[in-house]
Amino acid sequence: MHLAYPAVLAVLLFSVGVYGVLARRNVILVLMSVELMLNAVNLNLVAFDVWLRDTLHTGQALTLFVIAVAAAEIGIGLAIVLMVYRDRGTSDVDRLRDLREDRAGAVTEAAVTGAAVAAGPGTASGGTPHPHTSEREQGNSAGRQTA
6 MHLAYPAVLA VLLFSVGVYG VLARRNVILV LMSVELMLNA VNLNLVAFDV WLRDTLHTGQ
66 ALTLFVIAVA AAEIGIGLAI VLMVYRDRGT SDVDRLRDLR EDRAGAVTEA AVTGAAVAAG
126 PGTASGGTPH PHTSEREQGN SAGRQTA
């Protein structure tokens, strides 16, 4: 078997993965691109293992380990993306980078830009309750403001 065929395919897969990480803004597509890059590495490991005629099959064993780690990584990554989407309402990388935590006295986006001052930790700029803040947190933030 010629080593050039799987090596070229691995380079193409890795290039598509790098393009996806750099060009895509959706977190799920970025995770899929990272998986493409890991699969390109796996292809190289198996190809070089066969080309070197390794009797211990180290490349194939390492590939199985990388597949197991990638499965755990994608499971944890998707769980984090789901929680962030439920909290923020978006999975756009740029919007997630620009947003700041606005609960429990943390800095809000409005305070960072200087556009407006938030009325409290459970409110958005303009004094309206934040859509993801529970009624209990809104009541607690109102109690802290008067005390």
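Each residue of the sequence shown is one higher than the one before, counting from 6 in this note's numbering.
Every residue gets a Cβ at the ideal spot worked out from N, C-alpha and C, and that includes glycine.
(request) Please classify Asp97: does DSSP put it in a helix, a strand, or coil? (result) In this structure, Asp97 counts as strand in the three-state DSSP scheme.
(request) May I ask which residues mark the beginning and end of the alpha helix (DSSP H) holding Met37? (result) Secondary structure note for Met37: its alpha helix (DSSP H) is the uninterrupted segment 32-57.
(message) For the alpha helix (DSSP H) containing Leu27, name the first residue and the last one.
(response) For Leu27, the enclosing alpha helix (DSSP H) covers residues 9-28.
(message) Please classify Ser20 as buried or exposed, where buried requires at least 16 other C-beta atoms within 10 Å of its C-beta.
(response) Of the other Cβ atoms in all chains shown, fewer than 16 fall within 10 Å of the Cβ of Ser20; this residue is therefore exposed.
(message) Whole angstroms are fine: how far does the CA of Arg100 sit from the CA of Val122?
(response) Residue placement at Val122 is flagged as unreliable, the pLDDT there being 45, under the threshold of 50; a coordinate-derived value is accordingly withheld.
(message) I need the DSSP call for Ala121, collapsed to helix, strand or coil.
(response) Annotation note: pLDDT 45 at Ala121 (below 50); position unreliable, coordinate value reported separately. Coil.
(message) Quick check: the Cα distance between Asn31 and Ala75, rounded to an integer number of angstroms?
(response) Roughly 19 Å between the two C-alpha positions.
(request) Label Val13 either buried or exposed according to how many other C-beta atoms from any shown protein chain fall within 10 Å of its C-beta, with 16 as the threshold for buried. (result) When all chains shown are included, Val13 counts as exposed.
(request) Buried or exposed for Thr68, please, with buried defined as at least 16 other CB atoms from any protein chain shown within 10 angstroms of its CB. (result) That one is buried.
(message) Rounding to the nearest angstrom, what Cα-Cα distance links Ile79 and Leu36 in this structure?
(response) The straight-line gap from Cα to Cα measures roughly 7 Å.
(request) Note down, in chain order, each residue of its chain lying with its Cβ closer than 7 Å to the Cβ of Val55, except the 5 sequence neighbours on either side. (result) Shown here for Val55: same chain residues with a beta carbon closer than 7 Å to its own, the five before and five after excluded, namely Met6 in chain order.
(message) Given this structure, state the Cα-to-Cα distance separating Ala77 from Leu8, to the nearest angstrom.
(response) C-alpha separation (whole angstroms): 30 Å.
(message) Can you tell me whether Thr68 is helix, strand or coil according to DSSP?
(response) When secondary structure is reduced to three states using DSSP, Thr68 falls in the helix class.
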